[in-house]
Amino acid sequence: MGLTMQSSTKDALLNTLCIEKKEESDLVVALAGNPNVGKSTVFNALTGMHQHTGNWTGKTVSLATGYAKSETRGFCLVDLPGCYSLAAHSQEEEVARDFILSGRADAVIVVCDSTCLERNLILALQILRLTGNVVLCVNLLDEAKKKQIEIDLEKLETILGIPVVGTEARRGKGLSALLDAVQKIKAAPPTNQWKLAQNGGTSEDDIAKEIVLTAEKISREVKKAPLESAWTRDRKVDRILTSKTFGFPIMFLLVMGIFWLTIVGANYPSQLLSKLLFSLEEPLLQFLDFLPPFANEMLVYGAYRVTAWVVSVMLPPMAIFFPLFTILEDLGYLPRVAFNLDKCFKKCRACGKQALTMCMGFGCNAAGVVGCRIIDSPRERLIAILTNTFVPCNGRFPTLVAVITMFFAGGAGALISAAGLAGFIVLGVLVTLLVSYLLSRTVLKGVPSSFTLELPPYRRPQIGSVIVRSVFDRTIFVLGRALVSAAPAGLLIWIFANVNVGGATLLSICTNFLDPFASLLGLDGVILMAFILGLPANEIVLPIIVMAYVSGGRLTEISDLVHLRTLLVANGWTWVTATCTMLFSLLHWPCATTLLTIRKETGSMRWTVAAFLIPTIVGCVVCFLFATISKLFI
Amino acid sequence: MQLSALAIGERGRVKSVNADGSIRRRLFDIGVIEGTEVMCLGRSPLGDPAAYLIRGAVIALREEDAGTILIEREG
């Protein structure tokens, strides 16, 4: 679950799940399994790039569907959410169970982690109680080999009475055998000995316990493994990453490290892109010669320039940050972050998994909001959704980095910028905790819920597929959004800056109107207006500020931060202004995409309005306090 | 004794699960029932939650929840 074009668009919500068979003979296959078993890897490997996301009727959980082909047949695959059981404690479990019960699937592939077979069999047995058309996919066999775990797949097949296929999905092994097995059971459905036979007086609890014992028995018969020791590599790593002395410093350093790499790595490509795109302006002007000068300039100096600025400044950092972050995610480190921070969240009566959703929010707040589904308790989920915007997304990084570099970094450059950015993140986390605490004491009262957090084994990330997934998927997404929001914004600003009403430009009328209030916050009318116009996308805030300051209403080529600083200082910026701008960037209303996502996830207009107001009020208060205090002492 | 009292590196066997509500079922689903062997692997730097080895997987439980699980310490 992450930021993809599909998961963040409005349309993903509105599509109801339609499984389109290409041929009549196509089979519908559901993929189920515990989280962290490599289910997505199996799904991606089988479907390649042919995937969509849709909604299961009535619920707000999206399901990925895709198409796979074997030599003889086509398969419509439905990726069910990862869950530990079908007991339906959360929406995702409910969706999984409902889909299996609905009979829409011709078969269910249950993906298991071979290093944790016993626990995985619990879900498999639960599914077998509902339907007999199951294929067991024992995945991650390469991991099992490393841990000297051997599984007798044939014996397992005999005991369960269904086909069992061993796979190494990351290497693409066993996948065709998987599809063959599905065809086999369609042709000859196995006799299901596990089906819901007698229910009678047995309580749900007893059934659950019986399944656990059965899973244990089966596992004992088919699995050979060395005695679990406390000193395997994973445990050793965890002892360090979650230790009292190293846990938090390592977290901070990792975050700083990623930022530093992003800043340094994006510098050169940004300059290249900037030069390239700006060099296209003249040819573009020539090309649009047939238009009246007003329209021509409006399109080139307004829409095109701002879009070009956004793309050259925002794209390279995103193209670096997302892969780095995804690598960390794939590695399995993020649950450790939640593990380390849970106590803080518990004290604020929120859920430790909120740390995970905050991490997702780094990439994009809309994705972070979607990620809040991992939190079972609706109350805690709402808290996480409402505070997600306090984590600056990739659209805000470059603005923060630029301001830090211009006003605070001096000669030390990237390292200070990275440290400053990391410091702001810490501030964002503290604000999140504070606001979560306040929310849970006032409008979202309640006690902290129970939770179980699995710390999955560390896995080597597949660098290749990470880069492809994050760069292409996210790159396309960013480009798309840049075009959609930056171009009209650029157009609007140009018009405002060049249309005169009663001796003043529309732009100056607006900014003068906002000035008094803005200066209370340590900002000025231009900055505030830029934030307001930046509602569709935070990326355009800085270009709008620059464009508004430059007289004649054009954004001059400013890939050079030194020139930019001169411009800002000439327009009254001090370090106080810079700080307040950064504070407001961190603490203001969520962008339009995020608000739409919140509306969808909560299903409530009331909470969406709250999501708009809460960060705004916090931002105004903080900026006001900072501006006032600094005026008093300086 | 309570699971929350298990020290790092120590093993125990579950005697009873006294939780109720959704956590109870959740515990069953990850395999914590009477007779299950558990081992404490470590604690968060802030002291809570703690990580336990349960049927081959590492699961973190908060102190209050681990406190509802009674165990018998084993060698």
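Residue numbers (the working numbering), protein chains in the order written: chain A, 4 to 637; chain B, -3 to 71. C-beta: ideal position from N, C-alpha, C; glycine also. On a predicted model such as this, the values are computed, not experimentally measured, just so you know.
_Alpha-carbon to alpha-carbon, A/Asn368 and A/Leu126_ = 32 Å
*Roughly how many angstroms separate the alpha carbons of A/Ile210 and A/Thr217, rounded to a whole number?*
10 Å
_chain A contacts made by the region 2 to 28 of chain B, where a contact means CB separation under 7 Å_ = Gly5, Ser18, Ile19, Arg21, Arg22, Phe24, Asp25, Ile26, Gly27
*The beta strand (DSSP E) spanning B/Lys11 covers which residue range?*
7 to 13
*Would you list the one or two residues that DSSP bridges to B/Arg39?*
B/Ala46
*Keeping to the same chain, check which residues put their C-beta closer than 7 Å to that of A/Leu182; ignore five residues upstream and five downstream.*
Ala71, Ser73, Phe78
*Shorter than 8 Å from the beta carbon of B/Arg69 to some beta carbon of chain A?*
no
*Could you please give the first and the last residue of the uninterrupted beta strand (DSSP E) stretch that includes A/Leu302?*
Here A/Leu302 belongs to no beta strand (DSSP E), and DSSP marks it neither H nor E.
*asked:* So, under 8 Å CB-CB, A/Thr597 and A/Val372 are touching, yes? Tell me the CB distance rounded to an integer number of Å.
replied: 6 Å
*Quick one: list the residues of chain A neighbouring B/Ala56, beta-carbon separation under 9 Å, in chain order.*
Pro338, Ala341, Phe342, Asp345, Gly355, Phe454, Thr455, Leu456, Glu457, Leu458
*Pick helix, strand or coil for A/Arg223, following the three-state DSSP scheme.*
helix
*For B/Ser40, return the contacting residues in chain A, with the cut-off set at a CB-CB distance below 7 Å.*
Thr245, Phe342, Asn343, Asp345, Lys346
*Give, in chain order, every residue of the region 507 to 522 of chain A whose Cβ lies closer than 9 Å to some Cβ of chain B.*
none
_Min CB distance B/Ala47 to chain A below 8 Å_ = yes
*Kindly indicate if chain A contains any beta-carbon less than 8 Å away from that of B/Leu(-1).*
no
*asked:* Tell me the residue span of the beta strand (DSSP E) that contains A/Asn142.
replied: 137 to 142
*Can you say whether A/Tyr271 is buried or exposed, counting buried as having 16 or more other CB atoms within 10 angstroms of its CB?*
exposed
_Suppose contacts are defined by Cβ-Cβ distances below 8 Å. Is A/Ala90 in contact with B/Asp61 by that definition?_
no
*If you measure from the beta carbon of B/Leu66 to each beta carbon in chain A, is any gap under 8 Å?*
no
*Can you pull the chain B residues whose beta carbon is under 7 Å from the beta carbon of A/Ile125, in chain order?*
Asp25, Gly27
*Hey, does A/Arg122 have any beta-carbon neighbour from chain B nearer than 8 Å?*
yes
*Are the region 441 to 453 of chain A and the region 297 to 309 of chain A touching, with three or more C-beta to C-beta distances below 8 Å?*
no
*Can you tell me whether A/Asn37 is buried or exposed, with buried defined as 16 or more other CB within 10 angstroms of its CB?*
buried
*State the start and end residues of the unbroken beta strand (DSSP E) segment that holds A/Thr455.*
455 to 457
*Considering only residues of the same chain and omitting the five flanking positions on each side of A/Arg399, which have a CB-CB separation below 6 Å?*
Asn541, Ser588
*Measure the C-alpha to C-alpha separation of A/Phe427 and A/Val340 and round it to an integer number of angstroms.*
18 Å
*Would you say B/Ala62 faces chain A, with C-beta separation under 8 Å as the test?*
no
*For A/Pro401, which residues from the same chain have a beta carbon less than 7 Å from its beta carbon, with the 5 sequence-adjacent residues on both sides left out?*
Val316, Met317, Pro320
*For chain B, find out if any of its Cβ atoms is closer than 8 Å to the Cβ of A/Thr235; answer yes or no.*
no
*Could you tell me which residues DSSP puts in a beta bridge with A/Tyr70?*
A/Cys79
*chain B residues whose Cβ lies nearer than 7 Å to that of A/Ser443*: Within 7 Å Cβ-Cβ: nothing; A/Ser443 doesn't reach chain B, min ~16 Å.
_Pairwise C-alpha distance: A/Ile601 and A/Lys24_ = 32 Å
*Contact belief for A/Leu334 with A/Tyr461 at Cβ below 8 Å, rounded distance in angstroms*: 6 Å
*Hey, out of A/Ile243, A/Ala67, A/Glu157, A/Glu121, whose CA is closest to B/Val28's CA?*
A/Glu121
*Rounded separation between A/Leu143 and A/Asp155 - CA only*: 15 Å
*Measure the CB-CB distance between A/Ser453 and A/Cys351 and report whether it falls below 8 Å.*
no
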